[in-house]
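> After the structure tokens below, expect a handful of questions from me.
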Amino acid sequence: MKMTFRWYGEGNDKVTLGNIKQIPGVEGIVWSLHDMAAGELWSEERIAKEKAIIEAAGFHIDVVESVNVHEDIKLGLPSREKYIENYKETLRRLAKVGVKVVCYNFMPVFDWTRTELYKEMEDGSNALFFEKSKIENIDPIELIEKLSTNVDVTMPGWEPERLSRLKETFKLYENFTAEDLWKNLEYFLEQVIPVCEEVGIKMGIHPDDPAFPIFGLPRLIINKENIGRFLNLVDSPYNGLSLCTGSLGSANNDIPDIIDAYHDRIHFMHIRNVKRYDNGDFIEASHRACDGSVDTVKVVQTLHKHGYEGYVRPDHGRHIWGEEKWARPGYGLYDRALGIMYILGVWDSVEKNAKS
Ligand code: CS2
Ligand code: MN
């Protein structure tokens, strides 16, 4: 497996490429043009500039997360055509500079959703928290307003242009079913995957987070069965997965079993842990298996068993050693670095055992 680290770009991330360079084992930066609205065509100049910065620091640029899908594509509106054309052209431009994998998601309205960004833990650290009863009893717009008042960074999927149109967007999803969403996802893939086959980019869809419907909106990539259905929509190795153990771990999914079933279609792994409670709440935990509900040791062992050669990154970390004062929620430096050492520790020991 190839270890990577998500970085939000110069001036947009307090973590520096120099910081990342000191984490053992990191070969590549997972990047994006974070100021691009979904549906916009990425300029070649901007792509080239980002590539130059990342490569100058000694990292590869093989993985982009995310090229966001415009809401009109998910809704299946006639205007989707121009956004799909932009998407295809962006993929061609990314392939030209050597990008190998593009991560995206197909969740209506929101990317990941939590009810608290800095939930205090007993040890003084804090982490992203999801309280189910709160979600059931709050208006989504109120929730977003509450969460975004304390945060001066733009979180992925919570971009200002998207949030400003929340009310309108929710209206468009009235009477919209999961089957409608499946149909629109299939349409998108039928257009985009042939381009990927031509230019050599592997698409990896990110599971929905949390992995169950919220605010009455349908969610598709939430369990083994649905992932199987997704892969069959367009049965090509270019139509694959960014398998996120934290997102799938927010519901009772057997992730090693999912890896066994679909390992040849996994292009990118997000490895993290969450602790699930019986009432449906969950909190993001350290990467260590015994700290949460995801058996992260078995996840890494299973990847090793299948000779996984794709990309991996530690996903959300807790905020530790006071970094919540400056870190982007879930994307500080320290806990993600610890996560890498844990993942590599398990991998190295399995590897060593296999050889002896
Ligand atoms: C999240 C998402 O779990 C995660 O990785 O932080 O923002 C994720 O990057 C997107 O859903 C992928 O498109
Ligand atoms: Mn993830």
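Following my numbering, the numbering of the sequence shown begins with 146 at its first residue and continues without gaps.
We put the beta carbon where it would ideally sit given N, CA and C, even for glycine.
1. What separation, rounded to the nearest whole angstrom, lies between the Cα atoms of S188 and N368?
2. Strictly by DSSP, which residues pair up with W176?
3. Return the Cβ separation of V379 and R237 in integer angstroms, given the expectation that the two are a contact with Cβ distance under 8 Å.
4. Along the chain, where does the alpha helix (DSSP H) containing L326 start, and where does it finish?
5. May I ask which residues mark the beginning and end of the beta strand (DSSP E) holding P459?
6. Which residue comes first and which comes last in the beta strand (DSSP E) that contains I199?
7. When burial is assigned at 16 or more other CB atoms within 10 Å of the CB, is G269 buried or exposed?
8. Give me whichever residues DSSP pairs with N424 in a beta bridge.
9. Flag this pair as yes or no: are the beta carbons of M146 and E496 separated by less than 8 Å?
10. Quick one: give me the first and last residue of the alpha helix (DSSP H) that K470 is part of.
11. Helix, strand or coil, according to DSSP, for Y479 in the structure here?
12. Excluding the 5 residues flanking A177 on each side, which residues of the same chain have their C-beta closer than 7 Å to its C-beta?
13. Starting from the Cα of I465, find the closest Cα among D180, D217, L317 and A482 and give me that residue.
14. Taking 7 Å as the cut-off, is the CB of S438 close to at least one heavy atom of ligand 1?
15. Please report the distance separating the alpha-carbon of P401 from that of Y232.
16. Of the choices I485, K500, H461 and G484, whose alpha-carbon is the least far from that of R259?
17. Have a look at the DSSP bridge pairing and note the partners of Y249.
18. Counting only runs of 4+ residues fully inside the region 368 to 417, write out the alpha helix (DSSP H) ranges in chain order.
19. Who are the near neighbours of K347 in its chain, counting only those whose CB is closer than 6 Å to its CB and skipping five residues on each side?
20. Suppose the cutoff is 7 Å on Cβ atoms and the five residues either side in sequence are ignored; what does the same chain contact list for Y228 look like?
21. Going by DSSP, name the residue or residues bridged to N271.
22. Start and end of the beta strand (DSSP E) containing R238?
23. So does the region 385 to 400 actually touch the region 356 to 371, counting three or more Cβ pairs closer than 8 Å?
24. Does K159 come out as helix, strand or coil in the three-state DSSP assignment?
25. Thinking C-beta only, is K420 closer than 8 Å to S392?
26. Ignore the nearest five residues each way along the sequence and tell me which others in F427's own chain have a CB closer than 7 Å to its CB.
27. Can you check which of these residues, S431, K316, I404 and N250, is closest to R364 by C-alpha distance?
28. Answer yes or no: do I416 and T390 have a C-beta to C-beta separation smaller than 8 Å?
A quick look at the data gives this:
1. If you number the sequence shown from 1, residue 188 lands on position 43. If you number the sequence shown from 1, residue 368 lands on position 223. Distance between the alpha carbons of S188 and N368 is about 36 Å.
2. Working through the sequence shown from its first residue, we reach residue 176 at position 31. V209.
3. Residue 379 sits at position 234 when you count from the first residue of the sequence shown. Residue 237 sits at position 92 when you count from the first residue of the sequence shown. A Cβ-Cβ separation of about 18 Å leaves V379 out of contact with R237 under the 8 Å criterion.
4. Here the question's residue 326 lines up with position 181 in the sequence shown. Per DSSP, L326 belongs to the alpha helix (DSSP H) from A323 to V344.
5. Counted from its first residue, the sequence shown places residue 459 at position 314. Run containing P459: Y456 to P459, per the beta strand (DSSP E) assignment.
6. What you label residue 199 is simply residue 54 of the sequence shown in a count that begins at 1. Element bounds for I199: not the beta strand (DSSP E) but the alpha helix (DSSP H), E189 to A201.
7. For the purposes of this step, residue 269 is taken as residue 124 along the sequence shown, with counting starting at 1. Taking all protein chains shown into account, G269 has fewer than 16 neighbouring C-beta atoms within 10 Å of its C-beta and is therefore exposed.
8. To locate residue 424, count along the sequence shown from 1; it is residue 279. Per DSSP, none; premise fails for N424.
9. The sequence position of residue 146 within the sequence shown is 1, counting from 1. The sequence position of residue 496 within the sequence shown is 351, counting from 1. No. Outside cutoff.
10. By one-based count along the sequence shown, residue 470 stands at place 325. Counting along the chain, no alpha helix (DSSP H) covers K470, and no H or E run does either.
11. As a first step, residue 479 is located in the sequence shown; it is residue number 334 there, counting from the start. Residue state, collapsed to three classes: helix.
12. Counting from 1 along the sequence shown, the entry for residue 177 is found at position 32. Here the sequence assigns Ser to residue 177, which means Ala is not the residue at that position. The answer, listed in chain order, is V209, E210 and S211.
13. Counting from one through the sequence shown, the residue named residue 465 turns up at place 320. Minimum Cα distance to I465 is reached at A482.
14. If you number the sequence shown from 1, residue 438 lands on position 293. The answer is no for S438.
15. Sequence index remark: in the sequence shown, residue 401 carries index 256 (1-based). Sequence index remark: in the sequence shown, residue 232 carries index 87 (1-based). Distance between the alpha carbons of P401 and Y232: 32 Å.
16. Within the sequence shown, the letter at position 114 stands for residue 259. The shortest C-alpha separation from R259 is found at H461.
17. As a working mapping, residue 249 is identified with position 104 in the sequence shown. Beta-bridge partners assigned by DSSP to Y249: I350.
18. 369 to 378, 390 to 393 and 400 to 407, all fully within the region 368 to 417.
19. Counting from 1 along the sequence shown, the entry for residue 347 is found at position 202. If we look at K347 and ignore the five residues flanking it on each side, its Cβ neighbours are V246, Y383, G385 and H412.
20. By 1-based counting over the sequence shown, the position of residue 228 is 83. Same-chain partners within the cutoff: G184, H215, D217 and I218.
21. Position 126 of the sequence shown holds residue 271. Partner(s): E265 and H464.
22. Taking the sequence shown and counting its residues from 1, the one referred to as residue 238 is at position 93. From DSSP, R238 is part of no beta strand (DSSP E) but of the alpha helix (DSSP H) over R225 to K241.
23. yes
24. Sequence index remark: in the sequence shown, residue 159 carries index 14 (1-based). Look at K159 here: in three-state DSSP terms it is coil, with no helix or strand label.
25. Stepping through the sequence shown from its first residue, residue 392 is reached at position 247. Stepping through the sequence shown from its first residue, residue 420 is reached at position 275. At the C-beta level, S392 and K420 stay beyond 8 Å of one another.
26. On the sequence shown, residue 427 is found 282 positions in, with the first residue counted as 1. Answer for F427: F275, S395, V419, K420 and R421, listed in chain order.
27. In the sequence shown, the residue the question calls residue 364 occupies position 219. That would be N250, whose Cα lies nearest to the Cα of R364.
28. What you label residue 416 is simply residue 271 of the sequence shown in a count that begins at 1. What you label residue 390 is simply residue 245 of the sequence shown in a count that begins at 1. Against a cut-off of 8 Å, the Cβ pair of T390 and I416 comes out as a contact.
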